[in-house]
Amino acid sequence: MNRLYDLIAELCPDGVEYKALKYLLSTSNALKCIPKKNYRDSGSIPIIDQSQPYVIAYTEDRLAIPPVLPCIIFGDHTRVVKYADQEFAQGDSGTKVLVPIDDTLDAKYAYYAFSNLDIPSRGYNRHWTIARDIKIPVPPIEIQRKIVNILDNFTELTAELTAELT
């Protein structure tokens with residue numbers, strides 16, 4: 639069992655409701671996405687796409703900035719999940735930008751829950767059609783925020799220890 643589910647079990651001993659992602663998240667894509675041929679090595683706006691690196695390139699095209707932050711970036715082909723709370727440009731067309739439908743879901747909590755899903759690979763096909771039906775635990779918003787705080791601190795500590803070991 640992973641840390642997220644351990645925390646839910648600890649903080650919500652009576653259990654929590656599980657809901658499918660399609661009832662929790664909605665698409666909030668930019669007006670356009672930046673095709674790979676237009677990726678640049680420098681610029682004022684970082685491009686986030688569905689690849690492994692967090693920032694893949696840069697642009698100056700403000701029409702590619704998604705309208706809502708914070709958000710979750712999902713690689714529809716790659717199954718890579720990222721979180722953004724600062725302005726960025728949406729990369730290639732396989733990049734989905736998702737935001738909570740309402741204020742009963744914390745975006746960062748949704749990111750942590752989404753990141754822990756085991757979405758089966760379908761090769762270079764679309765994966766949101768599978769992911770949207772997967773259910774995640776949805777504790778009360780106060781518990782979600784407490785879990786986010788714990789996991790953020792754990793992630794920061796892990797990064798510090800990794801840097802020291804390196």
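Our numbering puts the sequence shown at residues 639 to 804.
C-beta atoms are modelled at their ideal positions from N, C-alpha and C, and glycine is treated no differently.
What's the C-alpha gap between residue i and residue j?
{"i": "P777", "j": "A647", "result": "10 angstroms"}
{"i": "I739", "j": "L645", "result": "24 angstroms"}
{"i": "A727", "j": "R641", "result": "31 angstroms"}
{"i": "T804", "j": "S680", "result": "28 angstroms"}
{"i": "E698", "j": "R678", "result": "9 angstroms"}
{"i": "V888", "j": "E794", "result": "This structure does not reach residue 888, given that the chain is present from 639 up to 804, and the question cannot be answered."}
{"i": "F712", "j": "R700", "result": "20 angstroms"}
{"i": "K657", "j": "T800", "result": "35 angstroms"}
{"i": "K675", "j": "Y696", "result": "12 angstroms"}
{"i": "P705", "j": "G761", "result": "30 angstroms"}
{"i": "S770", "j": "L789", "result": "A quick correction: the sequence has Arg, not Ser, at residue 770. Those two C-alpha atoms are separated by around 24 angstroms."}
{"i": "A667", "j": "D723", "result": "According to the sequence as given, residue 667 is Asn; it is not Ala. If I take the Cα positions, the gap works out to 15 angstroms."}
{"i": "T767", "j": "F752", "result": "14 angstroms"}
{"i": "E655", "j": "Q690", "result": "31 angstroms"}
In this structure, does DSSP put residue i in helix, strand or coil?
{"i": "E655", "result": "strand"}
{"i": "A801", "result": "helix"}
{"i": "K674", "result": "helix"}
{"i": "Y749", "result": "helix"}
{"i": "Q688", "result": "coil"}
{"i": "F712", "result": "strand"}
So, at 8 angstroms on beta carbons, what are the nonlocal neighbours of residue i in its own chain, with the 5 sequence-adjacent residues on each side left out?
{"i": "Y643", "result": "N754, P775"}
{"i": "V786", "result": "D744, K746, Y747, Y750"}
Under a Cβ-count criterion, where at least 16 other Cβ atoms within 10 Å of its own Cβ denotes burial, should residue i be classed as buried or exposed?
{"i": "T665", "result": "exposed"}
{"i": "L742", "result": "The identity of residue 742 in the sequence shown is Thr, whereas the question assumes Leu. Counting Cβ neighbours within 10 Å, T742 comes out exposed, since fewer than 16 surround it."}
{"i": "P682", "result": "Pro is not the amino acid found at residue 682; the sequence shown has Ser there. The residue is exposed, with fewer than 16 neighbouring Cβ atoms inside 10 Å."}
{"i": "D714", "result": "buried"}
State yes or no: is the C-beta of residue i within less than 8 angstroms of the C-beta of residue j?
{"i": "V737", "j": "Q688", "result": "no"}
{"i": "I672", "j": "I685", "result": "yes"}
{"i": "I694", "j": "G732", "result": "no"}
{"i": "I781", "j": "L659", "result": "no"}
{"i": "I710", "j": "Y692", "result": "no"}
Excluding five sequence neighbours on each side, which residues of the same chain lie with their C-beta closer than 7 angstroms to the C-beta of residue i?
{"i": "C650", "result": "P777, I781"}
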